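A.B. asks: Here you go, one structure.
Residue numbers (the working numbering): 2 to 92.
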């Protein structure tokens, strides 16, 4: 498992894959550092159709997240911009 600490307002890449065209799911958990309450922020899922980029998918940050790499997403990245300091644990 990989852990990443991201500070409030900081955009950070938590996942990067260059791979075949096989679809795949990636899961990660998000927890607040020093406090309780709900996490908030954005998740940007960037993929490509081999050499041709496609528009990123923007999601709302939640405590438990799953993102999917599509059939032709050979260049695949996930960026997180939290509203509070968080720890991200990738499974």
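For glycine and all other residues, C-beta sits at the position ideal for the given N, C-alpha and C.
Just so we're clear, the structure is a prediction, and the values are computed from it rather than from any experiment.
For the stretch 36–79, list the beta strand (DSSP E) runs that are entirely contained and at least 3 residues long, ordered along the chain.
C.D. replies: Correct list: 42–47, 58–61 and 65–70.
A.B. asks: Name the one or two DSSP bridge partners that residue 4 has.
C.D. replies: Answer is 90.
A.B. asks: In whole angstroms, give me the CA-to-CA distance for residue 73 and residue 67.
C.D. replies: About 18 Å.
A.B. asks: Please state the DSSP three-state secondary structure of residue 34.
C.D. replies: Reduced to three states, the DSSP call for residue 34 is coil.
A.B. asks: Using only CA atoms, which one of 55, 62 and 86 lies nearest to residue 28?
C.D. replies: Ranking the options by Cα distance to residue 28, first place goes to 62.
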